[in-house]
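If you're matching positions, the sequence shown starts at 8 in our numbering and goes up one per residue. Step one of this worksheet: look at the structure below.
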Amino acid sequence: MVTLPIYNTEGKEIDTHKLDGIFDGKVNKDILHQAITAYRANQRRGLAAVKTMGEVSGGGRKPWKQKGTGRARAGSIRSPLWRHGGVVFGPIPRDFSYTIPEKIKKLALLSALNAKINESNFMLIDALKLEQPKTKEAAKVLSNLKIKGVKALLLLEKAEQKVKIASRNIDTLTINQAQDTNAYEVLSVKKIVVTKEALRALTSRLKR
8 MVTLPIYNTE
18 GKEIDTHKLD
28 GIFDGKVNKD
38 ILHQAITAYR
48 ANQRRGLAAV
58 KTMGEVSGGG
68 RKPWKQKGTG
78 RARAGSIRSP
88 LWRHGGVVFG
98 PIPRDFSYTI
108 PEKIKKLALL
118 SALNAKINES
128 NFMLIDALKL
138 EQPKTKEAAK
148 VLSNLKIKGV
158 KALLLLEKAE
168 QKVKIASRNI
178 DTLTINQAQD
188 TNAYEVLSVK
198 KIVVTKEALR
208 ALTSRLKR
């Protein structure tokens with residue numbers, strides 16, 4: 008079992024915590040690849056589009072008669088061969104999203120968390136309570152934890168309104184609930200900061 012120190016908001020080590028056996032340090036790269044590819048595909052809007060010959064305005068009249076002019080046959084000035092004509096086999100709006108099994112999502116999240124633990128980029132804090140919803144208070148906590156300016160993800164058990172307001176102007180910090188985080192979100196940051204309550208909720212989620 009991995010034992011991690013627990014810090015308070017002043018950056019002082021106040022206790023230690025043994026991680027559940029589910030955090031065994033194993034990183035399944037194939038599962039991570041599947042989950043992250045699916046996540047990114049689901050973010051695509053798929054709005055790229057071009058007009059076909061039938062959608063470009065104009066071109067309803069035959070440019071010249073079929074025979075006798077000496078020129079090549081032409082049926083429309085919107086032919087794909089002509090300038091300002093339609094496009095052949097161009098992109099059309101489509102849905103790139105697809106689903107993957109819930110089990111793969113959980114295994115991917117576990118692998119991502121194990122990777123952060125292996126890198127010593129997983130930090131436990133006792134709790135995060137702010138007296139006032141001010142950016143300087145949130146920045147002070149990050150400074151105490153020595154992660155100011157570092158791209159970090161803060162996982163909470165519940166959405167704390169004061170914390171969300173205080174941190175919304177800190178572009179290096181992302182806040183989410185433990186029950187909603189995913190492998191892509193975990194891997195997209197340098198440090199993971201988790202409260203004790205959030206870790207309990209996260210462990211329970213991964214065991215289900």
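Positions of the beta carbon are idealized from the N, C-alpha and C atoms, including for glycine.
Bridge pairing for P140: absent [DSSP].
Around the beta carbon of F103, fewer than 16 other beta carbons sit within 10 angstroms, so the residue counts as exposed.
Fewer than three pairs of CB atoms, one per stretch, sit closer than 8 Å, so the segment 152-165 makes no contact with the segment 56-74. Runs of the alpha helix (DSSP H) spanning 4 or more residues and lying entirely within the segment 17-51 occur at 36-50, in chain order. Looking at the backbone, the Cα of K58 and that of R90 are separated by about 13 Å. In this structure, A205 keeps its C-beta atom at 8 Å or more from the C-beta atom of S174. Residues of the same chain with a CB within less than 8 Å of the CB of T23, apart from the 5 flanking positions on each side, are T10, L11, P12, I13 in chain order. Residue pairing by DSSP places N183 opposite L162 in a beta bridge.
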